[in-house]
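In the working numbering, the protein residues as written are 495 to 887.
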Amino acid sequence: MKILVNNFMKSETSSGIILIFVTIFALVLRNSFLSEYYYNFLHIPIHFSVNDLIIDKPLYLWINDGLMALFFLVVGLEIKRELLQGHLSSWSKISLPAFAALGGMLCPALIYFFFNQNDSNALNGWAIPTATDIAFSLGILSLLGKRVPVSLKIFLMALAIIDDIGAIVIIALFYTSNLSVEVLYVSLFIILVLFVMNRMGVATISLYFIVGIILWVTVLKSGVHATLAGIILAFAIPLKTKTDDKVNSPVRHMEHNLHNWVAFFILPLFAFVNAGVDLREIDFTKMTHGVPLGIMLGLFFGKQLGVFLFSFIAVKLKLANIPKCTTWLQIYGIAVLTGIGFTMSLFIDSLAFNDDTRYFYTDRLAILIGSLFSGIFGYLILRFAKPKKVCGI
495 MKILVNNFMK SETSSGIILI FVTIFALVLR NSFLSEYYYN FLHIPIHFSV NDLIIDKPLY
555 LWINDGLMAL FFLVVGLEIK RELLQGHLSS WSKISLPAFA ALGGMLCPAL IYFFFNQNDS
615 NALNGWAIPT ATDIAFSLGI LSLLGKRVPV SLKIFLMALA IIDDIGAIVI IALFYTSNLS
675 VEVLYVSLFI ILVLFVMNRM GVATISLYFI VGIILWVTVL KSGVHATLAG IILAFAIPLK
735 TKTDDKVNSP VRHMEHNLHN WVAFFILPLF AFVNAGVDLR EIDFTKMTHG VPLGIMLGLF
795 FGKQLGVFLF SFIAVKLKLA NIPKCTTWLQ IYGIAVLTGI GFTMSLFIDS LAFNDDTRYF
855 YTDRLAILIG SLFSGIFGYL ILRFAKPKKV CGI
C-alpha cells in the first residue's frame, strides 16, 4: 500500500486527478443541502494581531492570500532554476515557448476586451483567460504516454512557466490597490535584507522563511498582492552554496520539500474554496454576458489561436525552431491544452472581482467550462495526431 501511495504522489497526473475530484466535491457541496455548511466553512473568521498589527480575514482569503504565496514560492523556485540552468537558460531554448506564451496572453485578452470594452467594471477581468494551469495541462499530457515526444512536454512546461511569469507581472502591475507607501518602503528594506543574505551565501532555509513571513505581512499591508512575496523570496534563495567542500542547492531542496504540499494540499484546498459555484443561483441566459463569454472564448479559442499562430510565425521567420520529433498538429494540440486556466484563472478572478455574486458566478462557471473543453479537445487532438515518421534526435 505504501508503495502505491508513493507511486501516486510521484505521478505527473496525480495532482490533476485530485484537483478534478476536489472541484466536483466542491460543486456537489455548494449545490446540495450542505451548501450552508460549505459557505460557513469558507467564511470562518481568523483573526491575528500583535500590538497594532491586525490581520482579520475569512478562511478562504487566508488560503488565497496566504497559502497561495507558498504556491508562488514554488513557482518562483522553478522559474529561477530553469532560467539559470534549465529549459529557459538560453535563447534557443526559450524562444519558441516565449513567443507562444506571448500570443497565448495577448489573444485571450483581446477577445475578452472585445466583449467587455464598454463595461469598465468587467474590464477588470481581462487577465482571467490569459492564464494556464500547469498542473492540469501537464497532467493531461502525461496521460498520453509515449504518444507525445519528450520535446513536446518540455515545450509545454517552458510555455507554462513563461505564462506564470506573465501572470506574476500582471498581478504586480494591475491588481494592487490602496498602496501604502510607508509600508512599501519597509517591504523594500526586507527585500534588501534578503538580497544581502543571498550575497553572503546564507544557506539556512529557516532563516529565509522567517524573513519571508515578515515580507509577506508587509507586502499584504502595503496594498500589493501578498502572493508576490513568495516570488520575491524564491529569487532571493541561492541556487547553489558551498559548505565544508560540499555543494548544496537550497533552491532544489526547498522546491523538493514544498512540491507535494503545494500539489496535494494547497492547490486542492484552493480549488475547493474557489470552485464551488452555486449553479442553483445561475441564470444560464446570463452566460451570454460579456464577462462569461470573454472568459470562455478567451480560454478555448484565444489561447489556442495565440499560442499556435505566434509559434508558427516565429518558426517561419526563423526566430525559433519547432521542437524535435513533433508535428504542427501536435503543436496545435498543445496550444488547445493551454486553454486550461482553472486554478490560475480562478485566482486572477478572485483578484479582479472581489464580489463573488457580481456576475452571479457566471465568471467562475465560464472558467470551468472553458478549461473543460480545452482539456478534452486538446487531449483528443494529441491522442489521434500521427507521430512524425522521420525523427532524428
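All residues carry an ideal CB built from backbone N, CA and C; glycine is no exception.
Residues bridged to residue i [DSSP beta-bridge criterion]
i, result
"H541", "D550"
"T735", "N742"
Within 9 Å, strictly: CB atoms of residue i and residue j
i, j, result
"T712", "I731", "no"
"F802", "G597", "yes"
"A595", "G660", "yes"
"L763", "I557", "yes"
"R774", "N525", "yes"
"F847", "G619", "yes"
"D658", "I704", "no"
"A814", "F565", "no"
"G872", "F729", "no"
"V785", "T837", "no"
"L653", "T624", "no"
Simplified DSSP state of residue i, which is helix, strand or coil
i, result
"A520", "helix"
"L600", "helix"
"S868", "helix"
"K496", "Because K496 carries a pLDDT of 47, less than 50, the predicted location of this residue cannot be relied on, and the following value inherits that uncertainty. Three-state DSSP puts K496 in a helix."
"P612", "First, the amino acid is wrong: residue 612 is Asn here, not Pro. In this structure, N612 counts as coil in the three-state DSSP scheme."
"G580", "coil"
"W556", "helix"
"V696", "coil"
"D777", "coil"
"H750", "helix"
"S526", "coil"
"P623", "helix"
"P762", "helix"
Classification of residue i by the beta-carbon crowding that lies within 10 angstroms, buried from 16 upward
i, result
"G869", "buried"
"K441", "Only positions 495 to 887 of the chain appear in this structure, which leaves residue 441 out of reach."
"S583", "exposed"
"E676", "exposed"
"N768", "buried"
"N615", "exposed"
"P817", "buried"
Cutoff 9 Å: residue i Cβ touching any chain B Cβ
i, result
"S614", "Included in the structure is just one protein chain, with no chain B present."
At which residue ranges does the segment 833-866 contain complete alpha helix (DSSP H) runs of 4 or more residues, listed in the order of the chain? Counting only runs of 4 or more residues that sit fully inside the segment 833-866, the alpha helix (DSSP H) segments are 836-846, in chain order.
Give, in chain order, every unbroken run of the beta strand (DSSP E) that is at least 3 residues long and sits entirely within the segment 779-822. Within the segment 779-822, there are no complete beta strand (DSSP E) runs of at least 3 residues.
Whole alpha helix (DSSP H) runs in the segment 634-708 with 4 or more residues, listed along the chain? If one requires a minimum length of 4 residues, the alpha helix (DSSP H) runs lying completely within the segment 634-708 are 644-668, 675-693, in chain order.
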